[in-house]
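Student:
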């Protein structure tokens with residue numbers, strides 16, 4: 010009887026793995042009505058629309074971060090800050106300011122933790138600057154980057170991309186300008202890999 014139970018568990022796990030390998034359009038991912046141009050050339054483009062204060066983004070982040078380190082060589086990955094309101098624009102400005110300073114990767118996890126672990130609400134430049142200063146960021150350099158002329162165009166571009174892809178929640182992953190993968194499932198990374206494979210076959214003309 011024990012052996013039968015063990016075999017049943019193995020079979021259940023095998024079925025689950027097979028389910029992940031064959032995601033279902035309309036259920037696990039969605040094909041966009043309006044395909045958007047990509048900026049990745051010959052590589053498959055993956056975008057993640059996110060917000061530092063989003064608990065779902067926070068939960069997905071460790072898995073996406075681990076995936077990014079091992080992602081296929083024919084794939085590019087880019088974070089896009091979603092901008093739904095003024096508070097989220099502060100987060101977007103922070104993201105791009107730190108990126109221009111070469112410090113985004115260094116402080117990405119800290120910003121997620123600030124919102125979701127330390128329960129800090131970095132809703133304006135002052136509170137954000139105070140937090141970043143404690144993590145070694147020069148106040149003036151950050152302020153200059155945060156308020157730079159180019160910052161508005163970057164934030165506007167993020168807004169336009171969100172509208173073009175009809176982003177209504179975070180986290181949301183976009184694959185090759187055509188496929189949308191919601192980031193709320195424990196199987197998100199498995200679905201992402203499967204959809205990337207679909208996009209890869211589409212690019213090479215394979216079935």
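Numbering (my numbering), first residue to last: 10 to 216.
Here a beta-carbon is modelled for each residue, glycine too, at the ideal position from N, C-alpha and C.
Evaluate residue 70 with the Cβ neighbour count: other Cβ atoms within 10 Å of its Cβ, from every protein chain shown; 16 or more gives buried, anything less gives exposed.
Tutor: buried
Student: In this structure, what does DSSP give as the bridge partners for residue 39?
Tutor: DSSP output for residue 39 lists 189 as bridge partner(s).
Student: Rounding to the nearest angstrom, what Cα-Cα distance links residue 63 and residue 211 in this structure?
Tutor: 33 Å
Student: Going by C-alpha distance, which of 125, 138, 127 and 51 is nearest residue 99?
Tutor: Distance from the Cα of residue 99 is smallest, within the candidate group 125, 138, 127 and 51, for 138.
Student: Take residue 124 as the anchor and find which of 108, 146 and 97 has the nearest alpha-carbon.
Tutor: 97
Student: Return helix, strand or coil for residue 90, following the three-state DSSP convention.
Tutor: strand
Student: Give me whichever residues DSSP pairs with residue 211 in a beta bridge.
Tutor: Residue 211 pairs with nothing; no bridge assigned.
Student: For the alpha helix (DSSP H) that contains residue 73, what are its first and last residues?
Tutor: For residue 73, the enclosing alpha helix (DSSP H) begins and ends at 64-79.
Student: What is the DSSP secondary structure of residue 34, counted as helix, strand or coil?
Tutor: strand
Student: If you run the structure through DSSP and keep just helix, strand and coil, what is residue 60?
Tutor: coil
Student: Roughly how many angstroms separate the alpha carbons of residue 40 and residue 165, rounded to a whole number?
Tutor: 25 Å
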